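When you line the sequence shown up against my numbering, it's residues 2 to 329, in that order.
Ideal placement from N, C-alpha and C gives every residue a C-beta, glycine not left out.
Note that the coordinates shown come from a computational prediction; the quantities given were computed from them, not determined experimentally.
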Amino acid sequence: MFSGMAVLITGGTGSFGRECIKTILRQYRPARLIVFSRDELKQYEMQQIFTDSCMRFFLGDVRDEPRLSQAMRGVDYIIHTAALKQVPAAEYNPMECIKTNIRGAENVIKAALENNVRQVIALSTDKAANPINLYGATKLVSDKLFVAANNMAGGHRTRFSVVRYGNVMGSRGSVIPFFKKLVAEGAREIPITDERMTRFWISLPQGVDFVLKSFSRMQGGEIFVPKIPSSRIVDLAKAVAPELPTKIIGIRPGEKLHEVMCPADDSHLTLEFEDHYVIRPSITFFAPVNYDVNRLGEKGQPVEPGFEYNSGTNPHFLTVEELRGLIE
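Quick look at the structure:
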């Protein structure tokens, strides 16, 4: 669906952006593939790797709505990945996090509507469900903005949806590179916040494939949640460093024992499909939409009242051997 089209990725120099660009170039022939980010060094490095004639590199910040609008001229599809994502940094610099994650989301929406973009998907996080830290709270607001943007579209064709998933294996800032670094530096133990802790996991290629497929599925207003496995943090430590003991250091500020992607409070809005869930918007003014059947003809069923998609009660857990295979 992206062949002959113009695609823009905000925050496109990040882990997701690089994998997404690689995938789109392999599977499609876009007219333009635009990387929009504020890091000139990372853009320069990417230009040495991605040399296709369709590539465009725009320096800019999602806080700058005029620059966003300029970059979106003639654009058909947008993947919004730009965000401040470090939990401790967000707690210490709350206004900066708000400017990027909330006001930046608002700017993306305004610019997309001004340029009559076809479809926009914003990347979210499991931390946006029942948030207990500022990063999660800003991403929840961002999710709400993108869902509600469909009601602001008026005569525009633009439709907005959200993809929410868990931790990405091997991405910058994740615990796996941290554990590997400790091993490489000769650490004698692996620090564990709590031995009961669980997390959702998805590989980078799986995350990209799910986002791209969501463009074909979306009608506007959905929060798409993939069905992905969980792991126990102690099993992850064993997979990375089987010979090292673990040391319990306690839960850090803003951290949960288990992550949630579909809250129980949204169970009346949640539909289960074969490989994913959809959280329907609570209010839809833009047009009557039957979310039970998506644009690919896939059918969903309402979940049970009180259903919660929780990393601690997830029926699919990765074993130490499976984790080791994925990490390697």
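By how many angstroms is the C-alpha of residue j removed from the C-alpha of residue i?
i	j	result
Gly-156	Leu-146	18 Å
Asp-267	Glu-305	11 Å
Val-148	Val-184	43 Å
Ser-312	Val-169	14 Å
Asp-314	Phe-51	In the sequence on display, residue 314 carries Thr and not Asp. Using only the alpha carbons, I get a separation of about 41 Å.
Thr-82	Lys-239	31 Å
Thr-139	Glu-256	15 Å
Glu-260	Glu-186	30 Å
Thr-320	Val-235	11 Å
Asn-151	Thr-159	7 Å
Leu-213	Ile-122	9 Å
Ala-130	Phe-216	22 Å
Glu-323	Gly-5	39 Å
Val-88	His-277	26 Å
Gln-302	Asp-293	7 Å
Helix, strand or coil: which one does DSSP assign to residue i?
i	result
Asn-311	strand
Lys-248	strand
Ser-217	helix
Thr-407	Missing from the structure shown is residue 407; the chain here goes from 2 to 329 and no further.
Phe-225	strand
Thr-24	helix
Ala-240	helix
Leu-42	helix
His-259	coil
Val-294	strand
Ala-7	strand
Thr-139	helix
Asn-168	strand
Val-121	strand
Assign residue i to one of two classes, buried (16 or more other C-beta atoms within 10 Å of its C-beta) or exposed (fewer than that).
i	result
Phe-3	buried
Leu-42	exposed
Tyr-45	exposed
Ile-133	exposed
Phe-1	Look at the range of the chain in this structure, 2 to 329, and you will see that residue 1 is not part of it.
Arg-296	exposed
Tyr-166	buried
Gly-326	exposed
Pro-282	buried
If residue i and residue j are in contact, beta carbons under 8 Å, what's the gap, nearest whole angstrom?
i	j	result
Arg-33	Cys-55	5 Å
Ser-232	Phe-318	6 Å
Val-142	Ile-103	5 Å
Lys-181	Val-241	6 Å
Ile-229	Phe-201	5 Å
Is there a C-beta anywhere in chain D that falls below 8 Å from the one on residue i?
i	result
Leu-146	Absent from the structure: chain D. Only one protein chain is present.
**Asked** Just checking, does the segment 33-46 make contact with the segment 61-72 on the three C-beta pairs under 8 Å criterion?
**Response** Contact check between the segment 33-46 and the segment 61-72: three or more CB pairs, one atom from each, fall below 8 Å, which counts as touching.
**Prompt:** Any chance the segment 105-122 sits against the segment 247-260, with 3 or more Cβ pairs inside 8 Å?
**Reply:** Cβ pair count under 8 Å is below three, so no.
**Request:** Decide yes or no for the touch test of the segment 191-203 against the segment 293-309: beta carbon pairs closer than 8 Å, at least 3 of them.
**Result:** Contact between the segment 191-203 and the segment 293-309 is absent, because fewer than three Cβ pairs lie under 8 Å.
**Request:** Would you be able to state if there are at least three C-beta pairs under 8 Å between the segment 17-24 and the segment 198-214?
**Result:** Cβ pair count under 8 Å is three or more, so yes.
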